[in-house]
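Report on the following structure.
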Amino acid sequence: MTDLKSIFAEKFALAIEAAYGAEHRDVDPLINVTNNPEFGDYQANIAMSLAKKIGDKPRNIANAIVENLALDNICAKVEIAGPGFINLYLENSLVNAQIQVMAEDVNLGIKPAETPETIVVDYSAPNVAKEMHVGHLRSTVIGDAIVRILMAQGHKVIRQNHMGDWGTQFGMLIEYLIDSGWDEKATHTSIGDLELLYQQAKQKFDQDAEFADRSRKRVVNLQGGDEYTLKLWRYLVDESMLHFSQVYKRLGVLLEETDNCPESFYNPLLDKVISDLEEIKLLEISEGAGVIFLDGFKDRDDKPLPMIVRKSDGAYLYATTDIAAVRYRLNELQAGRLIYVTDARQSQHFAMLFAAVRRAGWAAEDVKLDHMPFGTVLGPNRKPFKTRDGGTIKLVDLLDEAELKTASVIEKKNSEMPEKQRQEAAKVISIAALKYADLSNDRIKDYVFDWDRMLALDGNTAPYLQNAYVRILSIFRKGDIERQTIDKGAVIIQASSERTLALKLFQYAAAVEAVTERLEPHRLCTFLYELASCFHSFYEACPILKDGIEKDVRNSRLALCDLSARVIKDGLGLLGIETVEQM
Ligand code: ARG
Numbered sequence: 000m001t002d003l004k005s006i007f008a009e010k011f012a013l014a015i016e017a018a019y020g021a022e023h024r025d026v027d028p029l030i031n032v033t034n035n036p037e038f039g040d041y042q043a044n045i046a047m048s049l050a051k052k053i054g055d056k057p058r059n060i061a062n063a064i065v066e067n068l069a070l071d072n073i074c075a076k077v078e079i080a081g082p083g084f085i086n087l088y089l090e091n092s093l094v095n096a097q098i099q100v101m102a103e104d105v106n107l108g109i110k111p112a113e114t115p116e117t118i119v120v121d122y123s124a125p126n127v128a129k130e131m132h133v134g135h136l137r138s139t140v141i142g143d144a145i146v147r148i149l150m151a152q153g154h155k156v157i158r159q160n161h162m163g164d165w166g167t168q169f170g171m172l173i174e175y176l177i178d179s180g181w182d183e184k185a186t187h188t189s190i191g192d193l194e195l196l197y198q199q200a201k202q203k204f205d206q207d208a209e210f211a212d213r214s215r216k217r218v219v220n221l222q223g224g225d226e227y228t229l230k231l232w233r234y235l236v237d238e239s240m241l242h243f244s245q246v247y248k249r250l251g252v253l254l255e256e257t258d259n260c261p262e263s264f265y266n267p268l269l270d271k272v273i274s275d276l277e278e279i280k281l282l283e284i285s286e287g288a289g290v291i292f293l294d295g296f297k298d299r300d301d302k303p304l305p306m307i308v309r310k311s312d313g314a315y316l317y318a319t320t321d322i323a324a325v326r327y328r329l330n331e332l333q334a335g336r337l338i339y340v341t342d343a344r345q346s347q348h349f350a351m352l353f354a355a356v357r358r359a360g361w362a363a364e365d366v367k368l369d370h371m372p373f374g375t376v377l378g379p380n381r382k383p384f385k386t387r388d389g390g391t392i393k394l395v396d397l398l399d400e401a402e403l404k405t406a407s408v409i410e411k412k413n414s415e416m417p418e419k420q421r422q423e424a425a426k427v428i429s430i431a432a433l434k435y436a437d438l439s440n441d442r443i444k445d446y447v448f449d450w451d452r453m454l455a456l457d458g459n460t461a462p463y464l465q466n467a468y469v470r471i472l473s474i475f476r477k478g479d480i481e482r483q484t485i486d487k488g489a490v491i492i493q494a495s496s497e498r499t500l501a502l503k504l505f506q507y508a509a510a511v512e513a514v515t516e517r518l519e520p521h522r523l524c525t526f527l528y529e530l531a532s533c534f535h536s537f538y539e540a541c542p543i544l545k546d547g548i549e550k551d552v553r554n555s556r557l558a559l560c561d562l563s564a565r566v567i568k569d570g571l572g573l574l575g576i577e578t579v580e581q582m
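Counting from 0, one number per residue, gives the positions in the sequence shown under numbering that gives the first Met the number 0.
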């Protein structure tokens, strides 16, 4: 048996053919889940969309289709409502059968993409010699979720960590290192110090003209490949990478060292970008700088806004590197789609980048270029999230604080849990809470960072979902039942809360698809939250282990529990979020 959507598609095709002839047969029946049982379980909007083509009132069309619909054993009832909606009420036997289909599918209904693509996801991308902050958290978490979901759909995903490891700031950083007596034998300097180094170097640069001058010369040395300068640069890069990979490990994201493809990687390719732009006559000179003018981009005074690719002193820019990266990803990595996960403030940069590579003919029409922008993390005062004295909040500090807060939430909930176990659980749950808070908000909107809300045991939070999962496991534990031994297909729907839960479970695959359709991870969060709520209602209404419950009923309910747990765990997993066994 196949999924409900295909079953309906086939039955509707037959009915439409019978009513209006084969030429209309393959139109999409536009069947959606209803969120109100008054309108059935599913609703078809086909009559509205056919009205024009057929030249009749939707209501008449709905009638004609319904007369020809053979839905025996599929629908208990079919109704026409309003202007011509077709409301479909599933037969309980079909719900039972479909649960079995889903339970036996290791992918829980998620289908591989019809045409798998090679997709580059460019995310995280922190900057060397700077501490990762909460803005990079968003890119890392959102990017990682989208990577996991695309992979689950059978796409080949190439992760690219486009770290900022090049630029004029390295002149002053290196010069400052030298001034402060750096030498090969220098003792290990942690990245915390490097952040400080950045601030101090910047201050000196702004105040000391001689130092600024030396810094600029140092940039020339760096670009010229001077060995000593490169050695110091490498040191800064390595130290930073060490710090980044520790954060990745703690966050449990997929990024590995092999995904690093930092800005400096593209240096050898930049001259060619410029000469190719010259050759195709896209490069113009404006006030000494090399620029590209693109249709539709205007500055505040409504004058054409150029994309600068070479400064008047000959230096290349962020945009130049990004053009080289597009070419590399399309030509060498053979990608058909590029997704960039950054702050919304970079939207114009990517719009121009995409326009430029299309215009140059370097990204063919069928290549997909997507910017996946996100909003800012705000503090309680609704201003960008900062420390009390206005500094940037370090990611590591944030993770530590999350862990402490989570441990105390668990202690309140389950005071009997041994200390060590509590700490382990706090590690997992705190990361989960942070990630989920980030993912469950519409990504383009700014969101307020709020510990109490993200750690709450009710509401649309990770702890709520993890708790639902834990609760299910504890049912099996209490009943001394091995999950593997239960009959997955034993479902016999009786109570209405069982039915609601089953229908919600069927929506899993569609929720996952909704994420990739619009690159919106929060759609999966919303689904999981609704699922957990449905489970909660079912659990309240339907006793499972109580004495006197018939064996068949008990087995059916256990099967529903098992499938719910699997979907919650799998769904959270796609978001990069782990579950715990107890909390
Ligand atoms: N390093 C940049 C930043 O911190 C993000 C890089 C995004 N990727 C890219 N290909 N431009 O803002």
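Positions of the beta carbon are idealized from the N, C-alpha and C atoms, including for glycine.
Per-residue burial, residue i [other beta carbons within 10 Å of its own, 16 or more giving buried]
i, result
"Q42", "buried"
"I279", "exposed"
"R476", "exposed"
"S414", "exposed"
"I443", "exposed"
"Q245", "exposed"
"A144", "buried"
"N35", "exposed"
"K10", "buried"
"T319", "buried"
"V105", "exposed"
"A425", "buried"
"N380", "exposed"
"L573", "buried"
"N31", "exposed"
"L527", "buried"
"R233", "exposed"
"A21", "exposed"
"N330", "exposed"
"E262", "buried"
"S214", "buried"
"A61", "buried"
Euclidean distance between Cα positions of residue i and residue j
i, j, result
"K659", "G170", "Nothing about residue 659 can be reported from this structure: the residues present for the chain run from 0 to 582 only."
"G223", "A112", "47 Å"
"V325", "E255", "21 Å"
"G153", "F204", "50 Å"
"D342", "A314", "25 Å"
"F243", "D192", "15 Å"
"I173", "V219", "12 Å"
"I273", "E512", "40 Å"
"V376", "Y507", "29 Å"
"E481", "K503", "25 Å"
"F296", "M240", "36 Å"
"S473", "M582", "10 Å"
"R137", "R553", "43 Å"
"L316", "G335", "25 Å"
"A431", "E16", "50 Å"
Whether residue i touches residue j by CB criterion (7 Å)
i, j, result
"K339", "D121", "Residue 339 is actually Tyr in this sequence, not Lys. Taking 7 Å as the Cβ cut-off, Y339 and D121 qualify as a contacting pair."
"L93", "I73", "yes"
"Y468", "A558", "no"
"A208", "Y175", "no"
"E497", "F534", "no"
"A355", "M306", "yes"
"V140", "V156", "no"
"R158", "D258", "yes"
"A128", "Y197", "yes"
"L518", "M351", "no"
"I485", "D561", "yes"
"L456", "C524", "no"
Residues sharing a beta bridge with residue i, DSSP
i, result
"M306", "I291"
"L253", "Note: L253 sits in no beta bridge, so no partner."
"L89", "C74"
"G160", "Reading off the sequence, residue 160 comes out as Asn, not Gly. N160 is bridged to N259."
"S285", "A288"
"R381", "DSSP, once it has assigned bridges, lists no residue as partnering R381."
"T515", "Looking at the DSSP assignment, T515 forms no beta bridge with any residue, so it has no partner."
"A43", "I30, I85"
"D121", "Q159, Y339"
"D369", "I338"
"Y315", "R309"
Residue i beta carbon near the ligand SAH (any heavy atom closer than 6 Å)
i, result
"K76", "The ligand SAH is absent from the structure shown, which contains only the ligand ARG."
Within 7 Å of the ligand ARG: residues by beta-carbon to any heavy atom: D121, A124, P125, N126, H135, H161, M162, G163, Y317, D321, A324, Y339, T341, D342, Q345
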